[in-house]
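Report on the following structure.
There are 2 protein chains.
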Amino acid sequence: MDFKDILHLVRDDFAAVDACISSSLQSRVPLVSEVGTYIVQSGGKRLRPLVTLLAARACGYGEGRDHVTMAAIIEMLHTATLLHDDVVDESSLRRGRATVNSRWGNPTAVLVGDYLVARSFQLIAGLRNQAVFDIMSDGTCVIAEGEVLQLINQHDPDTTEARYLEVIHGKTAKMFEAAAECAAALSDPRWRTQMAAYARHLGAAFQIIDDVLDYTSSADVMGKNVGDDLAEGKPTLPLIQAMKVAAPAEADMVRESIRTGGLEHLQEIIALVRRCGALDYSHERARQESEAAIAALAPLPATPWRQALEELARLALRRDH
Amino acid sequence: MDFKDILHLVRDDFAAVDACISSSLQSRVPLVSEVGTYIVQSGGKRLRPLVTLLAARACGYGEGRDHVTMAAIIEMLHTATLLHDDVVDESSLRRGRATVNSRWGNPTAVLVGDYLVARSFQLIAGLRNQAVFDIMSDGTCVIAEGEVLQLINQHDPDTTEARYLEVIHGKTAKMFEAAAECAAALSDPRWRTQMAAYARHLGAAFQIIDDVLDYTSSADVMGKNVGDDLAEGKPTLPLIQAMKVAAPAEADMVRESIRTGGLEHLQEIIALVRRCGALDYSHERARQESEAAIAALAPLPATPWRQALEELARLALRRDH
């Protein structure tokens, strides 16, 4: 089962998600629709709505379209986060295209992001499901705190692995968790805990690999610049581990680069994280998260959708972008 | 009945609102708590939570604390809007103090604003009232659209009075409306329509006077700079009316100042809006809104709280900051 096979399993649902997002971004204010369409067309992996759909089906989702709405909500909230992230990080490139802030300016990116959040909660209100409302409002709080925590850790070379894991829990894992837990709540609430655990671990694996790719991929493949994290002074796992095991002089070079966000030593640091085993270490941490994700699904009925979720956790380790 | 008498009517409730906001801003991320405390201490008029509390009491709110939570939610959401507004407008002064963006930077202002929104929806979820959820999620959508609309109108001297009214409906009136309508929903849903109408008109009156004050008050009294709106190229009612009735050369000067956001002609424009009757015209529009607000309350039982709401609509016209 490869990624295409997984997508195929929920192909019709996915088309409905895209339609739901598009119609939700229509607004009486043309700039909102214009920016909305731009973001939707920029694609992206749409991994979170995929998890929502697969999780709903794996939990035996019946008739109705709530799972489709739920997947659209998750993608819209995720997109809102990206809009604000790019303002915060002053990023100019995302998914191989100009970011909204670089094309329309910070005010537009901030306010359209706010609109997406409001619109998402409007869709949540329409679902008339208190559990979903609780999960999503708790989740967005954790995510917002995670974003602020990441801001604090920025340029701080003393960030520990524990603090790093807390950040990725907030910035990535929590949205995956909410996506899958809501899918279970809408389908069969008995599976909420398992689904939440699965997606939390999947999200962590996904983010760790993302942080590895920042030092190993290329702009062509990733659609963003190699070394972006370093340029932003982000102490991600490859660097945290490198500072732990590298020779003092090398560790100091990493520390200094995190502090200044300078890219003068990018090539040396890329070589270092590879040579000192920091990338292997990070990969191994991601593999543990992936395994924990798969283990969480064990109690669920054996279905193609559960199999797809398991496969997704394996693919998270093998991706190149 | 003056403003102090009005406040006195809901004094205990108000203390509980402040406590609710303070405890809601506690976070495991210290920067969130720090910025939160700074905003709360900066005070402000707290007009929206006041309307919430008075509206609840005027609708016969019984036992419980939901009205207090509701008032806290309204103030927190309003504060989130201010945080993002100040980023968008690059404002440095608000309520006589440095803005969060000028003191901590744009990233902090954007992300703490996001946190306040998430926390507000978490409190809404806790109220377990679907009507409140619907009103608040619809309301935040309109507000977000209004913010984008204001952005589009900025530096556009062709903004009509109708478009101006649409903007102030979104940026101000809608939050007042949501505050009062939710109060009714939590107290006696029969009064939802009246309360919504009251607060929508009150909010419009309030904002029109705000836009007048930008040309008539002083920094000492307002806690922000005179001419801020002009500096931001905002075509508010005093300017829209002045362009309509002033001599062509004077109208051109206003047009040009809106386009460039330049303050070179500030003193001339202040003299002009006064001389040509644009301020009187704006005042008259605000007075109409105030009267419509009072009229909407007519069917409600005669209570001190209804009287206070009426008085608030009158005071909105007489304030100097």
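Protein chains in written order, with my numbering: chain Y, 803 to 1123; chain P, 803 to 1123. From the three backbone atoms N, C-alpha and C, an ideal C-beta is built for every residue, glycine too. Computed from a predicted model, the values in this text were never measured in an experiment.
query, result
"Count the CB pairs spanning the segment 828-844 of chain P and the segment 1038-1054 of chain Y that are closer than 8 Å, and state whether there are at least three.", "no"
"Quick test of the definition: if touching needs 3 or more C-beta pairs under 8 Å, does the segment 904-912 of chain P touch the segment 940-951 of chain P?", "no"
"Tell me, please, whether the CB atom of ILE876 of chain Y is closer than 8 Å to any CB atom in chain P?", "no"
"Measure the CB-CB distance between GLY846 of chain Y and ARG813 of chain Y and report whether it falls below 8 Å.", "no"
"Is it the case that the segment 992-1007 of chain Y contacts the segment 855-865 of chain Y, given that we only count it when at least three CB pairs across the two stretches are under 8 Å?", "yes"
"Just to make sure I have the definition right: I need the residues of chain Y whose C-beta is within less than 7 Å of the C-beta of THR910 of chain P. Which are they?", "LEU953"
"Would you check if the distance between the CB atom of GLY915 of chain P and the CB atom of GLU947 of chain P is smaller than 8 Å?", "no"
"Shortest alpha-carbon distance to HIS957 of chain Y belongs to which of Y:MET977, Y:ASP891, Y:LYS1036, Y:VAL919?", "Y:LYS1036"
"Is the number of C-beta pairs between the segment 1105-1115 of chain P and the segment 1064-1074 of chain P that are closer than 8 Å three or more?", "no"
"Since ASP815 of chain Y meets chain P, which of its residues come closer than 7 Å, beta carbon to beta carbon?", "Going along chain P, no residue has its Cβ under 7 Å from ASP815 of chain Y, so there is no contact; the nearest lies around 24 Å."
"Within 10 Å of its beta-carbon, does ARG1061 of chain Y have 16 or more other beta-carbons around it, so buried, or fewer, so exposed?", "exposed"
"With a threshold of 8 Å between beta-carbons, can ASP858 of chain P be considered close to chain Y, or not?", "As written in the sequence, residue 858 of chain P is Ala, which differs from the Asp given in the question. No, its Cβ sits nowhere closer than 8 Å to a Cβ of chain Y."
"Determine whether the Cβ of SER904 of chain P lies closer than 8 Å to any Cβ atom of chain B.", "Here chain B cannot be found, since the structure's protein chains are Y and P."
"I want to verify the contact list: residues of chain Y whose CB lies under 8 Å from the CB of THR961 of chain P, in sequence order.", "The premise fails here: THR961 of chain P is roughly 14 Å from chain Y at the closest Cβ pair, so nothing lies under 8 Å."
"Counting beta carbon pairs with one atom in the segment 1074-1087 of chain P and one in the segment 970-989 of chain P, are three or more of them shorter than 8 Å?", "no"
"Would you please verify whether the beta carbon of SER989 of chain P is less than 8 Å from any beta carbon of chain Y?", "no"
"Check the Cβ of GLU947 of chain Y against every Cβ in chain P and list those closer than 7 Å, keeping chain order.", "SER829, ARG830, VAL831, VAL834, TYR917"
"Just grab the DSSP bridge partners of LEU895 of chain P for me.", "P:ALA900"
"Can you find a CB in chain Y that lies within less than 8 Å of the CB of PHE978 of chain P?", "no"
"By Cβ distance, which residues of its chain are closer than 6 Å to ASP1013 of chain Y, with the 5 residues on each side in sequence left out?", "THR1038, LEU1039"
"Take every Cβ of the segment 919-932 of chain P, pair it with every Cβ of the segment 866-880 of chain P, and state whether three or more of those distances are shorter than 8 Å.", "yes"
"Using a Cβ-Cβ cut-off of 8 Å, state whether THR942 of chain Y counts as contacting chain P.", "yes"
"Counting only Cβ pairs nearer than 8 Å, list the residues of chain P close to ARG930 of chain Y.", "GLN932"
"Looking at the C-beta of SER939 of chain P, does it have a partner C-beta in chain Y at a distance below 8 Å?", "yes"
"Counting only beta-carbon separations shorter than 8 Å, does HIS886 of chain P have a partner in chain Y?", "yes"
"Under DSSP, the alpha helix (DSSP H) around PRO1106 of chain P begins and ends at which residues?", "1106-1120"
"With respect to the alpha helix (DSSP H) encompassing LEU827 of chain P, which residues constitute its N-terminal and C-terminal limits?", "Counting along the chain, LEU827 of chain P falls outside any alpha helix (DSSP H), and DSSP gives it neither H nor E."
"Just how far apart, CA to CA, sit VAL919 of chain Y and LEU879 of chain Y?", "6 Å"
"For a test of the three-state rule: what should DSSP assign to VAL914 of chain P, helix, strand or coil?", "helix"
"Roughly how many angstroms lie between the CA atoms of ALA1001 of chain Y and THR961 of chain Y, to the nearest whole one?", "25 Å"
"In the DSSP assignment, find the alpha helix (DSSP H) that holds MET1055 of chain Y and state where it starts and stops.", "1050-1062"
"Using the C-alpha atoms, what's the distance from VAL1028 of chain Y back to CYS984 of chain P?", "49 Å"
"Mapping the DSSP letters down to three states, classify LYS1036 of chain P as helix, strand or coil.", "coil"
"Do PRO970 of chain Y and GLN1009 of chain Y have their C-beta atoms closer together than 8 Å?", "In the sequence on display, residue 970 of chain Y carries Ile and not Pro. Against a cut-off of 8 Å, the Cβ pair of GLN1009 of chain Y and ILE970 of chain Y comes out as a contact."
"Buried or exposed for PRO1103 of chain P, please, with buried defined as at least 16 other CB atoms from any protein chain shown within 10 angstroms of its CB.", "exposed"
"Are any of the Cβ atoms in chain Y nearer than 8 Å to that of ARG921 of chain P?", "yes"
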